[in-house]
Amino acid sequence: MIGGTPIASGKPFGQKSSSSSSNTRINGLIMAKKVRVIGGESEQLGVLDTPEALRIAQEQGLDLVEVAPGADPPVCRIMDYGQYKYQQSKRQHEAKKNQKIVLLKEIKMRPRTEEHDFQFKLKHALEFVEEGNKVKVTIMFRGRELSHQELGHKLMARFVESTQDYAQLEASPRMEGRMLTAVLSPKKKTGAEPKVVKPAAAKTEAAPAAAKPASKESAGA
121 MIGGTPIASG KPFGQKSSSS SSNTRINGLI MAKKVRVIGG ESEQLGVLDT PEALRIAQEQ
181 GLDLVEVAPG ADPPVCRIMD YGQYKYQQSK RQHEAKKNQK IVLLKEIKMR PRTEEHDFQF
241 KLKHALEFVE EGNKVKVTIM FRGRELSHQE LGHKLMARFV ESTQDYAQLE ASPRMEGRML
301 TAVLSPKKKT GAEPKVVKPA AAKTEAAPAA AKPASKESAG A
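If you read the sequence shown in this note's numbering, its first letter stands for residue 121, the second for the next number, and so on.
Right under this line is the structure:
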C-alpha cells in the first residue's frame with residue numbers, strides 16, 4: 121500500500137516488467153521519483169510521484185511508459201504498451217514489405233567478346249535493369265590483352281551506349297588491376313507515357329429509305 125491507496129496486483133511498483141529490446145522503460149523500470157504524465161486520452165495530468173502515476177495507469181489496465189527520459193522531470197504516457205508495440209511492428213513490417221531491394225548484378229566480358237556473346241550479355245543486363253537492379257559491367261584483360269586496353273574501352277563504350285535508353289551510368293569506366301569496370305543503374309522514369317487513344321469510328325447515318333413508286337391502281341384513281 122502506498123499513501124493509503126492499494127495498488128492493483130497486476131504490475132506492482134518496483135517489479136521489473138518485461139519491455140522490448142529497446143531501452144524504453146515502462147512501469148517498474150522507471151527510475152525517476154517524479155514524472156510528468158500524459159493520460160490515455162492525451163490529457164495532461166501534471167507532475168506526479170511515480171508510484172501515483174503507476175497506480176493511475178494500472179487502475180485503467182494500462183502501462184506507464186517513459187517517452188521522454190531526457191526531460192526534467194521525465195515525461196511518461198499512459199498507454200497499452202503491448203498494443204503500441206504491435207502497431208509499431210506492423211508499420212515496420214509494411215514499410216519493409218514496400219521497400220524495394222536493389223541488387224548489384226555483374227556482367228563479365230573479354231576485350232574480344234564475339235558478337236553473339238555481346239548481344240546475349242546485353243540482353244541479360246537490360247533484364248536486370250528492368251527489374252530495378254544495378255549492373256556492374258566488367259571487362260577482364262589477360263596476358264597481352266593489357267597492351268591493347270583500347271579494345272576493352274571501345275567495347276565498354278558500345279555496351280553503355282546500347283543501354284542508354286534504359287540505364288544511366290552511375291560509375292564511369294575505370295581500371296581496377298586487370299579489369300575495366302563500370303556500374304549502370306535504372307534510368308529514373310520522368311512519368312508515365314501518354315496512352316494513345318484511337319479515335320472512335322464515325323457513325324454513318326442511314327440514308328432515308330427511297331419512296332415506293334405509286335401503284336397503277338392509285339394512279340388511275
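All C-beta atoms, glycine included, are put in the ideal place defined by N, C-alpha and C.
Everything numeric in this text was worked out from a predicted model, so none of it was measured.
Item to check | For D169, the first and last residue of its enclosing beta strand (DSSP E) | outcome: Its beta strand (DSSP E) spans residues Q164 to D169.
Checklist entry - Would a check of beta-carbon distances place M151 closer than 7 Å to chain D? => result The structure shown contains no chain D; it is built from a single protein chain.
Checklist entry - What's the C-alpha gap between T301 and M295? => result CA-CA distance, T301 to M295, rounds to 6 Å.
Next on the checklist: Can you tell me whether R175 is buried or exposed? The criterion is at least 16 other CB atoms within 10 Å of its CB, across all chains shown.
Outcome noted: R175 is classed as buried because its beta carbon has at least 16 other beta carbons within 10 Å across all chains shown.
Item to check | Residues of its chain near R298, where Cβ-Cβ distance is below 6 Å and the 5 sequence neighbours each way are ignored | outcome: Scanning its chain for C-beta atoms nearer than 6 Å, with the 5 sequence neighbours on each side dropped, one finds around R298 the residues F261, in chain order.
Next on the checklist: Can you tell me which residues form a DSSP beta bridge with V257?
Outcome noted: Beta-bridge partners of V257 (DSSP): I227 and A302.
Checklist entry - Is the segment 185 to 192 in contact with the segment 166 to 175, if contact means three or more CB pairs nearer than 8 Å? => result In short, these stretches do not touch, since the Cβ pair count stays below three.
Next on the checklist: Less than 7 Å between the C-beta atoms of K217 and F248, yes or no?
Outcome noted: The answer is no: Cβ separation not under 7 Å.
Checklist entry - In whole angstroms, what separates the C-alpha of G252 from that of K228? => result Cα to Cα, the separation comes out at about 19 Å.
Next on the checklist: Restricting to Cα atoms, I'd like to know which of T144, F238, V195 and M151 is closest to G202.
Outcome noted: Distances from the alpha-carbon of G202 to those of T144, F238, V195 and M151 put T144 closest.
Checklist entry - At which residues does the beta strand (DSSP E) containing M276 begin and terminate? => result For M276, no beta strand (DSSP E) run applies; the uninterrupted alpha helix (DSSP H) run containing it begins and ends at Q269 to S282, by DSSP.
Checklist entry - For the alpha helix (DSSP H) that contains D237, what are its first and last residues? => result Residues E235 to E250.
Checklist entry - In whole angstroms, what separates the C-alpha of P193 from that of I221? => result So the two alpha carbons sit approximately 43 Å from each other.
Item to check | Beta-carbon proximity list for A291, same chain, < 7 Å, skipping 5 on both sides | outcome: Exclusion of the five residues before and after A291 leaves A302 and V303 as the residues of its chain whose Cβ lies within less than 7 Å of its Cβ.
Checklist entry - Would you report the Cα separation of K308 and Q288, rounded to the nearest angstrom? => result Counting only the Cα atoms, Q288 lies some 8 Å from K308.
Checklist entry - Applying the criterion that 16 or more other CB atoms from any shown protein chain within 10 Å of the CB defines a buried residue, is F240 buried or exposed? => result That one is exposed.
Item to check | 8 Å contact criterion, which A173 and V155 should meet: CB distance rounded | outcome: Contact flag correct, Cβ pair sits at about 6 Å.
Checklist entry - R232 and L271 look like a contact to me (Cβ under 8 Å); what is the Cβ gap, rounded to whole Å? => result About 7 Å separates the CB atoms of R232 and L271; that is less than 8 Å, so the two are in contact.
Item to check | One or two residues paired with K154 in a DSSP bridge | outcome: BP columns for K154 point to D169.
Checklist entry - What residues in its chain sit with their C-beta under 6 Å from that of E234, if we drop five residues either side in the sequence? => result Contacts found: none.
Checklist entry - According to the neighbour-count rule (16 or more other Cβ atoms, all chains shown, within 10 Å of its Cβ), is M151 buried or exposed? => result Exposed, by the Cβ-count rule.
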